[in-house]
Amino acid sequence: MPSPRAHHRNANAGRVCDKSVSFYGRGGGSTPAPEKIRRPRTLPDLMVRERNAASPVASPTASPKPKLTKVLLNVTVQGSVGAVQVLMSPESRVRDLISSTLKQYLKEGRRPVISGSSVDDFDLHYSQFSLERLDRDEKLEALGSRNFFLCTRKAVADGGVPVTSCSTEADKVTKLNPNPCPWLKFMSFLF
Numbered sequence: 012m013p014s015p016r017a018h019h020r021n022a023n024a025g026r027v028c029d030k031s032v033s034f035y036g037r038g039g040g041s042t043p044a045p046e047k048i049r050r051p052r053t054l055p056d057l058m059v060r061e062r063n064a065a066s067p068v069a070s071p072t073a074s075p076k077p078k079l080t081k082v083l084l085n086v087t088v089q090g091s092v093g094a095v096q097v098l099m100s101p102e103s104r105v106r107d108l109i110s111s112t113l114k115q116y117l118k119e120g121r122r123p124v125i126s127g128s129s130v131d132d133f134d135l136h137y138s139q140f141s142l143e144r145l146d147r148d149e150k151l152e153a154l155g156s157r158n159f160f161l162c163t164r165k166a167v168a169d170g171g172v173p174v175t176s177c178s179t180e181a182d183k184v185t186k187l188n189p190n191p192c193p194w195l196k197f198m199s200f201l202f
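All you need for the working numbering is the position in the sequence shown, starting with 1, plus 11.
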């Protein structure tokens, strides 16, 4: 005995749905033939004409590489929780990045509040573990990174002259005390 589902399939096998009539092309004589839709008048090869006018042979390798107009940079400020995101042009200098970061930091009302707002009071490093500060006149596109660390510039106690980098400070310490551990001279037999 056939099941009700099989009976339902067999009953609809010869019939075509009304929606699929146009798809299968089995339209009856009752539906009129649709008119052709007129295509709007466009110029799809407008850009090709301009390229051909400039150079007779247009090749994909001859087109210039698109130039970046803005770069999103992440600058972590010393003592702050998250990075400050700054949008700058690649031709800008490190000095401009420090200035923009300070403005954005103060605009967002972040904590801790920065005491000095002068660009000369801060140094920009690649990371918090980097000893060398970045040159202020260097372009951002030449740095090769988009993540930086901003810290306050430390001053030397004698005269208040700013320290140029952490490595020069380490050199000063080794010059003052050539043997930082005097007890090592008693262990010369180990070396």
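From the three backbone atoms N, C-alpha and C, an ideal C-beta is built for every residue, glycine too.
Listed as beta-bridge partners of R147 by DSSP are no residues whatsoever. Here L108 carries a helix assignment [DSSP, helix/strand/coil]. Here L161 is not near L145, since their CB atoms are 8 Å or more apart. In this structure, Y116 and I125 form a Cβ contact; the two beta carbons are roughly 6 Å apart against a cut-off of 8 Å. Partner residues in the beta bridge of Q96, as assigned by DSSP, are N85.
Under the DSSP assignment, L161 falls in the beta strand (DSSP E) whose first and last residues are 158 to 163. R106 places its beta carbon 8 Å or farther from that of K150.
Scanning L142, R164, T112 for the CA closest to the CA of L98 turns up T112.
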